[in-house]
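In UniProt numbering, the protein residues as written are 1 to 322.
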């Protein structure tokens with residue numbers, strides 16, 4: 001086992017928005033930090049993927065920022081630099097058989113290059129190692145046999161629990177989290193076949209769908225692309241073979257929006273841990289130099305909460321180390 005040195009980096013595991021927010025808070029306090037992520041690019045559940053020549057948001061659908069939240073400054077900077085754009089404050093509400101009404105809420109923001117681009121912006125200037133799978137985090141703290149000053153696990157508790165000492169209280173707390181799956185099904189047509197002011201649809205009482213986003217509308221390019229998110233129950237039945245769920249999703253989208261034509265193409269992405277069933281009110285957990293953060297904390301579960309959770313843990317770790 002390597003000896004801990006004074007300049008050993010604090011390790012953040014997970015390059016989603018919570019992990020990078022944590023890392024930026026640490027770096028801002030003068031702490032040497034590295035971020036390890038098993039994916040090819042930063043993003044986490046703010047993932048975008050290029051499909052038919054354009055990025056499509058497959059995870060989080062949008063972000064919000066409370067007026068009194070520090071996150072509002074971050075979002076404002078993204079908007080000023082053209083990385084984010086105000087989208088809408090109005091969505092439709094539907095049942096399985098069609099649209100019912102409109103509902104208004106906070107202003108939602110999208111990203112012309114996909115929400116992943118915002119996470120990648122947070123990674124600027126940080127040491128981020130992609131395609132790096134962490135196997136074990138033990139007391140010390142020790143990450144895969146190397147001692148570090150502290151470690152932050154920015155991921156669903158179900159994943160963090162597999163890295164930690166099973167006998168530890170932190171591991172039991174993490175493993176107790178319940179996370180719900182979803183399938184994100186992308187549907188593309190040759191032309192738009194739904195109302196121009198649809199924006200997005202909350203679907204109630206459906207065994208198939210929870211949400212439909214107009215991806216061309218939120219990204220601002222007008223592409224005839226929808227992204228449908230399934231219910232957890234339907235996703236759970238099709239996690240092993242997600243493509244098998246596509247016909248049922250297509251039929252449900254057509255019914256909700258009153259469309260007659262099938263899409264010209266589809267793409268499905270599986271999220272085994274899409275959102276927490278019961279996010280905690282506390283902003284993070286921290287025990288003996290090992291912390292947990294992300295959208296399982298700082299309820300309610302949303303992008304802003306994940307950012308705030310990571311930032312709060314980063315500040316707490318910096319204070320402890322100082």
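We put the CB at the ideal spot given by N, CA and C, even for glycine.
Quick check on residue i: does DSSP put it in helix, strand or coil?
i, result
"residue 282", "coil"
"residue 269", "strand"
"residue 298", "coil"
"residue 73", "helix"
"residue 106", "strand"
"residue 256", "helix"
"residue 276", "strand"
"residue 93", "strand"
"residue 87", "strand"
"residue 32", "coil"
"residue 188", "strand"
"residue 100", "strand"
"residue 172", "helix"
"residue 4", "Residue confidence for residue 4 is low, a pLDDT of 43 falling below 50, so the modelled location carries little weight and cannot support an answer."
"residue 63", "strand"
"residue 122", "helix"
"residue 82", "coil"
"residue 241", "coil"
"residue 164", "strand"
"residue 247", "helix"
"residue 24", "helix"
"residue 113", "coil"
"residue 261", "coil"
"residue 68", "coil"
"residue 205", "coil"
"residue 235", "helix"
Return the Cβ separation of residue i and residue j in integer angstroms, given the expectation that the two are a contact with Cβ distance under 8 Å.
i, j, result
"residue 226", "residue 256", "That belief does not hold up - the Cβ atoms of residue 226 and residue 256 are roughly 10 Å apart, past 8 Å."
"residue 182", "residue 235", "5 Å"
"residue 84", "residue 58", "In fact, because the Cβ distance is near 18 Å, the residues do not count as touching under 8 Å."
"residue 136", "residue 38", "Not confirmed; about 14 Å, so no contact."
"residue 101", "residue 93", "5 Å"
"residue 142", "residue 163", "Contact flag wrong, Cβ pair sits at about 11 Å."
"residue 250", "residue 263", "6 Å"
"residue 35", "residue 99", "Going by Cβ atoms, the distance from residue 35 to residue 99 rounds to 42 Å, so no, they are not a contact pair."
"residue 108", "residue 47", "Residue 108 to residue 47, Cβ: 18 Å. No contact."
"residue 31", "residue 10", "6 Å"
"residue 221", "residue 54", "7 Å"
"residue 15", "residue 128", "6 Å"
"residue 78", "residue 121", "7 Å"
"residue 261", "residue 192", "Their Cβ separation, rounded to whole angstroms, is 11 Å, which puts residue 261 and residue 192 out of contact at 8 Å."
"residue 73", "residue 87", "So it is not a contact: roughly 19 Å between Cβ atoms."
"residue 289", "residue 150", "4 Å"
"residue 201", "residue 211", "7 Å"
If you drop the 5 nearest sequence neighbours on each side, which residues of the same chain put their C-beta closer than 8 Å to that of residue i?
i, result
"residue 304", "63, 64, 65, 66, 69 and 71"
"residue 156", "177, 179, 273, 276, 294 and 296"
"residue 301", "275, 276, 279 and 295"
Here's a check: name, in chain order, each residue in its chain whose Cβ is nearer than 6 Å to the Cβ of residue i, leaving out the five neighbours to either side.
i, result
"residue 314", "22, 25 and 26"
"residue 3", "Annotation note: pLDDT 43 at residue 3 (below 50); position unreliable, coordinate value reported separately. Here the set comprises nothing."
"residue 204", "95"
"residue 29", "318"
"residue 61", "213"
"residue 123", "20 and 42"
"residue 215", "56, 225 and 227"
According to DSSP, what are the bridge partners of residue i?
i, result
"residue 55", "50"
"residue 180", "275"
"residue 154", "293"
"residue 127", "34"
"residue 200", "213"
"residue 228", "185 and 212"
"residue 287", "290"
"residue 10", "33"
"residue 143", "137 and 146"
Output needed for residue i: all residues of its chain with C-beta closer than 7 Å, excluding positions within five of it in sequence on either side, in chain order.
i, result
"residue 140", "147"
"residue 160", "153, 174 and 292"
"residue 297", "279, 280, 282, 283, 284 and 309"
"residue 165", "138, 139 and 171"
"residue 242", "183, 268 and 270"
"residue 246", "185, 266 and 268"
"residue 239", "181, 270 and 272"
Counting along the chain, where does the beta strand (DSSP E) carrying residue i start and finish?
i, result
"residue 305", "Where residue 305 is concerned, there is no enclosing beta strand (DSSP E), although the alpha helix (DSSP H) it sits in stretches over 303-321."
"residue 16", "Here residue 16 belongs to no beta strand (DSSP E), and DSSP marks it neither H nor E."
Ends of the alpha helix (DSSP H) at residue i?
i, result
"residue 216", "215-219"
"residue 148", "Note, residue 148: premise wrong, no alpha helix (DSSP H); not H, not E."
"residue 132", "From DSSP, residue 132 is part of no alpha helix (DSSP H); its letter is neither H nor E."
With 8 Å as the threshold, decide whether the Cβ of residue i is near any Cβ in chain D.
i, result
"residue 143", "Among the chains in the structure shown there is no chain D, since it carries only a single protein chain."
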